Every structure is written in C-alpha cells, then in structure tokens.
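These protein sequence lines map, in sequence, to chains A and B.
Each residue of the first sequence is one higher than the one before, starting from 1 at the first, in this note's numbering.
Each residue of the second sequence is one higher than the one before, starting from 281 at the first, in this note's numbering.
Note that the Cβ used here is the ideal one computed from N, Cα and C, for glycine as well.
Small disclaimer: the values here were computed from a predicted structure and weren't measured.
Encoded as structure tokens, the structure appears first; notes follow it.
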Amino acid sequence: MRTIDVSEIVRNVREMCIEANHYLTCDMKEALEEASVQEKSPLGRRVLGQLLDNLDIAGEDRIPICQDTGMAVVFLEIGQDVHFVGGSLEEAVNEGVRQGYADGYLRKSVVRDPIERENTKDNTPAVIHYEVKPGEAVRITVAPKGFGSENMSRVFMLKPADGIEGVKNAVLTAVRDAGPNACPPMVVGVGIGGTFEKCALMAKHALTRPLKERSPIPYVRELEEELLRKINQSGIGPGGLGGTTTALAVNIDTYPTHIAGLPVAVNICCHVNRHLVREI
Amino acid sequence: MEKHLNVPFDKKEAQGLRSGDYVYLTGTIYTARDAAHKRMWEALQAGERLPMPLEGNVIYYMGPSPAREGRPIGSAGPTTASRMDKYAPTLLDLGLVGMIGKGKRTQEVRDAIIRNGAVYFAAVGGAGALLSKSITSSEVVAYEDLGTEAIRRLEVKDFPVIVVDDCKGEDLYETAVKQYREEAT
Numbered sequence: 001m002r003t004i005d006v007s008e009i010v011r012n013v014r015e016m017c018i019e020a021n022h023y024l025t026c027d028m029k030e031a032l033e034e035a036s037v038q039e040k041s042p043l044g045r046r047v048l049g050q051l052l053d054n055l056d057i058a059g060e061d062r063i064p065i066c067q068d069t070g071m072a073v074v075f076l077e078i079g080q081d082v083h084f085v086g087g088s089l090e091e092a093v094n095e096g097v098r099q100g101y102a103d104g105y106l107r108k109s110v111v112r113d114p115i116e117r118e119n120t121k122d123n124t125p126a127v128i129h130y131e132v133k134p135g136e137a138v139r140i141t142v143a144p145k146g147f148g149s150e151n152m153s154r155v156f157m158l159k160p161a162d163g164i165e166g167v168k169n170a171v172l173t174a175v176r177d178a179g180p181n182a183c184p185p186m187v188v189g190v191g192i193g194g195t196f197e198k199c200a201l202m203a204k205h206a207l208t209r210p211l212k213e214r215s216p217i218p219y220v221r222e223l224e225e226e227l228l229r230k231i232n233q234s235g236i237g238p239g240g241l242g243g244t245t246t247a248l249a250v251n252i253d254t255y256p257t258h259i260a261g262l263p264v265a266v267n268i269c270c271h272v273n274r275h276l277v278r279e280i
Numbered sequence: 281m282e283k284h285l286n287v288p289f290d291k292k293e294a295q296g297l298r299s300g301d302y303v304y305l306t307g308t309i310y311t312a313r314d315a316a317h318k319r320m321w322e323a324l325q326a327g328e329r330l331p332m333p334l335e336g337n338v339i340y341y342m343g344p345s346p347a348r349e350g351r352p353i354g355s356a357g358p359t360t361a362s363r364m365d366k367y368a369p370t371l372l373d374l375g376l377v378g379m380i381g382k383g384k385r386t387q388e389v390r391d392a393i394i395r396n397g398a399v400y401f402a403a404v405g406g407a408g409a410l411l412s413k414s415i416t417s418s419e420v421v422a423y424e425d426l427g428t429e430a431i432r433r434l435e436v437k438d439f440p441v442i443v444v445d446d447c448k449g450e451d452l453y454e455t456a457v458k459q460y461r462e463e464a465t
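Here's what the structure looks like:
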C-alpha cells in the first residue's frame with residue numbers, strides 16, 4: 001500500500017496546467033515544422049510560419065499559446081494499491097486547476113451552469129476521468145481543451161451494416177463541417193465501438209497519443225493512414241485558408257461493442273493540442 | 281495583395297479590399313464576443329445606445345487571457361465568428377464596417393457585408409501569443425463584469441489579418457479550399 005498526500009496532486013496539476021498552456025509536446029512542434037516545409041499553399045506556409053513563431057513567443061515571453069486556455073480535462077490513472085490522504089482527491093484536482101489558472105495568467109473560461117452562464121472565475125471545475133489500474137503508480141494527464149474545435153466534435157451512432165465505410169464517412173463529414181472553425185491543422189481523435197459515452201471518451205483520450213504512434217491493430221492503422229491522407233486532400237489547409245495540411249494525425253481507439261451498434265465519436269483538436277503526462 | 285490600413289476606416293476603403301488580401305491594421309479596434317453581443321443586442325432592443333461607436337469601426341471577436349504585469353494584454357487570438365452571426369447583420373446595418381474572427385459566416389452575414397460595403401477578416405486562430413505583440417494598449421470600455429468577455433478598446437499596430445469575405449461576395453474559405461481540393465484530386 002502506498003500513501004500519497006493529495007497536496008502532491010494539487011502541486012502537480014497546478015504546474016501542469018501552466019506548462020501545458022505555454023509549451024506543446026515536441027511531436028506537435030516537429031509536425032508543424034515538417035508541415036511548414038511540405039505545405040503547397042504559399043498562404044498556408046505563411047500561416048504555419050506564424051504558428052511556429054507563436055510557439056516561440058509563448059515559451060519565451062510566457063504568454064499562453066492560445067487565449068482559449070481551455071476547460072481542464074484531467075485523466076487520472078490510479079493504482080489500486082494507492083491510498084490518498086489529506087483530503088478529497090477531486091477537490092485536490094480542482095485546487096490545482098484553480099491555482100494554475102490564477103498563477104499562470106490563464107483565461108477563466110468555465111461557467112457554473114450551461115444555461116445561466118455565470119463564470120466561476122477560477123476555471124473550475126475540471127472534467128476528471130478516473131481509471132483504476134493494478135499497482136501503486138499514479139499517472140496524471142492534463143489536457144486543457146479549447147472550444148473552437150470542441151464545438152466541431154461529433155458522435156455518430158452508426159448501424160453495424162454501415163461498416164468501415166460508414167466510419168470513414170463520419171470522420172470525413174466531421175472534419176469537412178469543422179473546416180476553418182476548428183483552427184486547422186487539427187489532430188483528429190476517433191473512438192469506435194463501446195457505448196455512446198465510451199466512444200466519446202476514447203476519442204478524447206486518443207488526442208493525447210503521440211502523433212507518430214499508430215494503432216497496434218493492422219486495419220486500424222491503415223484506417224488512420226487513409227483518413228489522414230483523405231483529410232489532407234480536402235483542401236481546407238492551415239487556418240482553413242486553403243492548402244494541403246489540414247490534419248497532423250488521426251488517432252483511433254476501438255473497444256468491443258453491442259451486436260446492434262457501431263458508435264463513432266470524432267473529437268477534433270486544433271493545432272494547439274495540449275496534453276502533459278506525469279507519473280507520481 | 282499586401283495592404284496597410286488605418287482603423288477606423290470608411291466604407292470606400294473597405295470596398296477596395298478583396299478576398300485573399302493580406303492586411304496590416306493600425307489604429308483603434310473594439311473587442312466583443314458572445315456575452316457582450318448579447319448585451320448589445322438587448323440594449324438595442326430596449327432602444328438604448330451602444331457603449332462604443334459603430335460607424336467606420338471594426339469589432340474583433342476576442343476574449344484575452346489576463347495580462348502579466350507591464351504588458352497591455354495576454355494571449356489575444358480570434359474566436360469563432362459564427363456564434364456572433366445572429367447579431368452581425370444588425371450591427372453592420374448600423375455602420376460597423378469590419379469584423380475580425382475565424383471561421384465561416386452565414387449567408388445572412390455575407391449578404392449584410394455586400395449590402396453595406398463592409399469586410400470580414402480572419403486572424404490566425406490559435407496564434408494568440410503572436411497576435412498580442414501587435415496590440416499596444418487595451419482598455420475596458422463596457423461590461424467589465426463580463427471579465428474576459430468585456431468590451432475593450434485596443435490600439436493595434438500592424439495587426440495581421442486576411443480578407444475572407446469582401447463586399448463583392450467572394451469568400452476565401454470557399455475559393456481557396458476548392459482550389460486545393462481540386463489540385464489534390
């Protein structure tokens with residue numbers, strides 16, 4: 001049995017909120033650099049150049065990469081032999097978000113009620129997903145999610161007879177409809193199978209996968225590659241202003257599902273695909 | 281085509297802009313996004329005056345992150361314009377000459393742009409740190425209680441934008457995307 005004081009969670013979440021909003025992971029930056037060379041549209045290359053300059057300025061001058069510093073999505077993978085002490089785990093995550101968004105000069109974008117819409121002024125609560133695993137490790141993923149791209153995300157409850165062609169259609173439809181609104185070049189997270197909520201959660205989690213890492217399942221890997229090629233033939237381009245770089249990766253996760261269903265979720269993320277992982 | 285333009289500007293200057301032009305704006309612009317538009321809408325319904333001048337002015341759909349000490353503003357990139365589509369035609373009819381945002385507009389907004397000889401610019405979404413460097417001052421002029429959604433008067437210098445919708449009805453999102461889709465297939 002391992003004992004962890006929840007103050008450890010507060011401290012880590014605070015730091016991760018600030019860091020994730022000022023620095024992207026190396027694979028995101030490298031993908032943008034590659035795209036800025038390969039992009040065929042001159043305006044598209046100019047936009048990609050601005051995005052790279054933007055990342056440099058964000059890091060050097062400590063200005064958030066994007067003013068939409070997101071709603072804090074937090075994945076907690078908790079070893080079943082861990083015992084948290086010192087208070088509520090959920091409150092600790094929210095306290096970390098509260099401190100990170102205040103101390104990091106991050107925008108407070110959360111409203112307490114979806115209809116009444118009063119800002120909570122500290123960006124809480126976070127959206128927290130818990131998973132219990134064997135062992136005594138705790139893995140925290142902080143993924144602040146902006147809503148320009150979140151608003152363009154979709155769930156499709158397909159029929160089994162729609163098959164893989166139906167899945168391709170769903171993903172391409174979501175990306176085409178998103179167009180310039182989702183701040184391309186985007187990363188496309190896809191969840192196939194499970195239930196209504198399971199596929200959405202898989203799609204969200206797929207956004208945190210490294211860009212160059214493909215699915216271990218052969219047909220899924222082919223699907224990821226084919227969809228990326230087709231998305232980049234859509235013409236949408238950087239900023240939606242035309243070009244050959246519309247997405248940097250398509251990451252697909254799958255799960256067993258019901259005999260009657262084929263749920264597909266498409267969670268679109270802009271080029272500011274923020275996610276940080278720490279194991280404590 | 282690259283152009284430099286002072287804001288506010290008159291409709292004659294707006295009418296000289298073409299979809300695809302790369303424009304550097306210098307002067308005064310105002311920010312407003314969802315909640316501020318809703319309040320302005322309610323003010324107009326009640327027959328009240330708006331908190332800022334519209335004639336010849338440009339609204340930037342933007343809610344910044346907080347400024348660090350000694351800086352005029354935090355990260356300051358555009359938000360999705362379509363959420364303001366409900367309100368934009370009325371503001372254009374009242375004299376607003378330009379809007380800066382990102383993403384597609386409805387046909388109603390594009391018609392209002394044509395009807396009024398106005399313009400819709402895109403700034404690069406997600407480049408808020410870079411764009412903040414072209415903002416030299418920021419002052420809340422109304423609805424301070426809305427926090428990031430308050431109306432701000434910004435002074436900008438060479439603020440980079442791209443003309444998406446011009447007064448001839450051209451839309452860069454349609455034309456440029458079609459060009460690269462055709463080249464790919």
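Close Cβ partners of residue i (< 7 Å) along its chain, the five nearest in sequence each way excluded
i                         : result
isoleucine 353 of chain B : Pro344, Ala347, Ser412, Ile415 and Ser418
arginine 176 of chain A   : Ser234
threonine 124 of chain A  : Asn94, Val97, Arg98 and Val110
glycine 378 of chain B    : Ala294, Val338, Ala398, Val399 and Phe401
proline 210 of chain A    : Asp27
arginine 107 of chain A   : Gln67, Asp68 and Thr69
lysine 159 of chain A     : Leu262
asparagine 54 of chain A  : Ile65
isoleucine 9 of chain A   : Leu89, Ala92, Val93 and Gly96
cysteine 270 of chain A   : Gly146, Gly148, Ser149, Ala182, Cys183 and Met186
Closest Cα partner of residue i within the set the options
i                         : options                                   : result
glutamate 328 of chain B  : B:Glu335, B:Met320 and B:Leu297           : B:Met320
isoleucine 57 of chain A  : A:Val74, A:Ile78, A:Glu30 and A:His22     : A:His22
asparagine 251 of chain A : A:Glu39, A:Met16, A:Asp5 and A:Ile217     : A:Ile217
glycine 242 of chain A    : B:Gly378, B:Thr428, B:Ala323 and B:Gly383 : B:Gly383
alanine 92 of chain A     : A:Gln67, A:Glu213, A:Ile128 and A:Gly104  : A:Ile128
proline 331 of chain B    : B:Gln459, B:Arg461, B:Glu424 and B:Tyr453 : B:Glu424
leucine 371 of chain B    : B:Lys318, B:Ala407, B:Gly300 and B:Ala464 : B:Lys318
threonine 254 of chain A  : A:Leu276, A:Cys199 and A:Thr245           : A:Cys199
asparagine 267 of chain A : A:Lys204, A:Arg62 and A:Ala35             : A:Lys204
valine 85 of chain A      : A:Glu15, A:Met1, A:Ser153 and A:Arg46     : A:Met1
proline 185 of chain A    : A:Leu228, A:Ile4, A:Lys230 and A:Ala247   : A:Ala247
tyrosine 302 of chain B   : B:Phe289, B:Asn286 and B:Glu282           : B:Glu282
Contacts that residue i makes with chain B (C-beta to C-beta distance below 7 Å)
i                         : result
proline 216 of chain A    : The contacting residues do not exist; proline 216 of chain A stays about 30 Å from chain B at best.
glycine 243 of chain A    : Tyr460
cysteine 66 of chain A    : Ser355, Gly357, Gly406 and Gly408
arginine 62 of chain A    : Arg348
isoleucine 236 of chain A : Val457
asparagine 169 of chain A : Simply none; closest approach about 17 Å.
Residue(s) in a DSSP beta bridge with residue i
i                         : result
asparagine 94 of chain A  : In the DSSP output, where bridge partners are listed per residue, asparagine 94 of chain A has none listed.
tyrosine 310 of chain B   : B:Ile339 and B:Arg433
valine 82 of chain A      : A:Arg2
threonine 360 of chain B  : B:Lys382
aspartate 305 of chain B  : This sequence places leucine at residue 305 of chain B; aspartate is not what is there. Paired residues: B:Leu285 and B:Phe439.
tyrosine 453 of chain B   : Paired residues: none, contrary to the question.
cysteine 269 of chain A   : A:Val187
asparagine 251 of chain A : A:Gly189
methionine 157 of chain A : A:Pro263
glycine 354 of chain B    : Paired residues: none, contrary to the question.
proline 144 of chain A    : A:Ala72
serine 417 of chain B     : B:Glu435
lysine 133 of chain A     : A:Gly79
glutamate 279 of chain A  : A:Arg139
Residues that residue i contacts on chain B, provided the C-beta gap is smaller than 8 Å
i                        : result
histidine 275 of chain A : Under the 8 Å cutoff, chain B gives no residues; its nearest Cβ is about 15 Å from histidine 275 of chain A.
glutamine 38 of chain A  : Result: empty, since nearest Cβ-Cβ is about 13 Å, beyond 8 Å.
Where residue i meets chain A, residues with beta-carbon distance less than 9 Å
i                       : result
alanine 402 of chain B  : Pro180, Gly239, Gly240 and Leu241
tyrosine 453 of chain B : Gly179, Pro180, Ile236, Gly240, Leu241 and Gly242
Beta-carbon proximity list for residue i, same chain, < 8 Å, skipping 5 on both sides
i                        : result
aspartate 438 of chain B : His284, Tyr304, Leu305, Thr306 and Ser414
tyrosine 310 of chain B  : Met332, Asn337, Val338, Ile339, Tyr340, Val421, Ile431, Arg432, Arg433 and Leu434
Residues near residue i by beta carbon distance below 6 Å, same chain, minus five either side
i                        : result
glutamate 335 of chain B : Gly375
valine 191 of chain A    : Checking the sequence, you will find glycine at residue 191 of chain A rather than valine. Result list for glycine 191 of chain A: Cys199, Met202, Ala203, Asp253 and Ala265, in chain order.
aspartate 314 of chain B : Arg363
Cross-chain neighbours of residue i in chain B, by beta carbon under 9 Å
i                        : result
leucine 32 of chain A    : What leucine 32 of chain A touches in chain B: nothing, since even the nearest Cβ is about 11 Å away.
histidine 271 of chain A : Gly405 and Gly406
Residue i: contacting residues in chain A (beta-carbon distance under 8 Å)
i                      : result
proline 344 of chain B : Gln67 and Arg107
lysine 366 of chain B  : Ordered by position in chain A, no residue passes the 8 Å Cβ test against lysine 366 of chain B, which lies about 15 Å from the chain.
lysine 382 of chain B  : Gly148, Pro180, Asn181, Cys183, Gly239 and Gly240
Residues that residue i contacts on chain A, provided the C-beta gap is smaller than 7 Å
i                         : result
isoleucine 442 of chain B : Leu241
alanine 294 of chain B    : Chain A residues near alanine 294 of chain B: none, gap ~20 Å exceeds 7 Å.
threonine 386 of chain B  : The premise fails here: threonine 386 of chain B is roughly 12 Å from chain A at the closest Cβ pair, so nothing lies under 7 Å.
Exercise. For the region 89 to 108 of chain A, which residues have a beta carbon sitting closer than 8 Å to at least one beta carbon of chain B?
Worked result: Listed by position, the residues of the region 89 to 108 of chain A near chain B (Cβ gap below 8 Å) are Tyr105, Leu106, Arg107 and Lys108.
Problem set entry | Chain-ordered residues of the region 410 to 437 of chain B with a beta carbon less than 9 Å from chain A | Within the region 410 to 437 of chain B, the residues whose Cβ lies closer than 9 Å to any Cβ of chain A are, in chain order, Leu410, Leu411, Ser412, Lys413, Leu426, Gly427, Thr428 and Glu429.
For this session: Taking a Cβ distance cut-off of 7 Å, strictly less, list which residues of the region 296 to 322 of chain B are near chain A, in chain order.
Result: Taking 7 Å as the Cβ-Cβ cut-off, the region 296 to 322 of chain B has no residue approaching chain A.
Problem set entry | Cβ-based contacts, 7 Å cut-off: residues of the region 44 to 56 of chain A near chain C | Within the model displayed, chain C is absent; protein chains A and B are what it includes.
For this session: Note down, in chain order, all residues in the region 119 to 148 of chain A with a beta-carbon under 9 Å from any beta-carbon belonging to chain B.
Result: The residues in question are Asn119, Lys121, Gly146, Phe147 and Gly148.
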